[in-house]
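The structure appears below as structure tokens.
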Amino acid sequence: MLLSLSTMGCRAWLAEAPGTFDLHSQRRVWALAARLRSDDRVETIIPGVTNLLVVLKEIPGDAERVTHWLQELWLASQAVTLNGRQIEIPVTYGGEQAIDLEEVCRHTGLVAGEVIRRHYQAEYTVCAVGSAPGFGYLHGLDPALATPRKKTPSLNMLKGTVTIGGPQTGVSVLTGPNGWNAIGFACADFFDPQRDPPALIAPGDIIRFVPEKIEL
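Residue numbers (the working numbering): 219 to 434.
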């Protein structure tokens, strides 16, 4: 299947992989990104969740040729696995920060202990880092735990809150509005501008959540 391509200004294209949030598609996006990084026509690329923003150095004379070129590269791209790190994140499940655990239980039909067990027993792959400094979009959530984002976001969710949003899970890296469902809390600093690199995680890293404490 072909990419969905959208122009972003005069010299940028957003390339979106077909289908739903899928690790195989994400790995093909990584492969496409690797091909484009070595092309002299490309100024920068920004990988996202099963998508890729491609910014050219110059405004092309023929936009149709660009779309044809990107589609050809996509069709030739085979899924790759990045050599990421293994990272463990200690988590307090339940407790005062898990303000949406009851709603996750109601939506999934699972008791709180089972929600927590399924969450920490999974292995997660970092697909992309973005939306806020150091925030990782993680693939690997047990499908039984998928819970829609809240219709009314929490206005002051704490940095470090472990959340579920649709088929994904993550950890908030800033205190503020958040529409994902809070089930726990992690004392981990995902972004530090004085650190090298500043972000704790990167695409391809493997994340495991370790239950430091369970408060039900």
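Using N, Cα and C, we set each Cβ at its ideal position, and we do this for glycine too.
Hey, could you find the ends of the beta strand (DSSP E) residue i is sitting in?
i      : result
GLY312 : 304-312
LEU373 : 372-375
VAL428 : 424-433
GLY266 : Looking at the DSSP string, GLY266 is not in any beta strand (DSSP E), and its letter there is neither H nor E.
PRO395 : 394-396
THR225 : 222-225
ALA400 : 399-403
Assuming the contact rule is C-beta atoms closer than 8 Å, residue i and residue j should be a hit. Round their C-beta distance to whole Å, please.
i      : j      : result
PRO421 : VAL391 : Rounded, the Cβ-Cβ distance is 16 Å, inconsistent with contact.
PRO278 : ARG229 : 7 Å
LEU221 : GLU234 : 6 Å
According to the neighbour-count rule (16 or more other Cβ atoms, all chains shown, within 10 Å of its Cβ), is residue i buried or exposed?
i      : result
LEU418 : buried
ALA346 : buried
ALA362 : exposed
THR387 : buried
HIS286 : exposed
MET375 : buried
ALA450 : Outside the displayed span of the chain (219 to 434) sits residue 450, for which this structure offers no information.
SER372 : buried
Put residue i into one of helix, strand or coil per three-state DSSP.
i      : result
ILE449 : Only positions 219 to 434 of the chain appear in this structure, which leaves residue 449 out of reach.
CYS323 : helix
VAL298 : coil
ALA230 : strand
ALA350 : coil
GLN386 : strand
ALA417 : strand
THR285 : helix
LEU291 : helix
LEU356 : strand
LEU328 : coil
In the DSSP assignment, find the unbroken alpha helix (DSSP H) run with residue i in it and report its ends.
i      : result
LEU250 : 241-255
Contact between the region 395-412 and the region 339-358 (3+ Cβ pairs under 8 Å): yes
Stretch-stretch touch, CB-based, cutoff 8 Å, three pairs: the region 367-379 with the region 323-337: no
The region 266-282 touching the region 312-323, judged by at least three CB pairs closer than 8 Å: no
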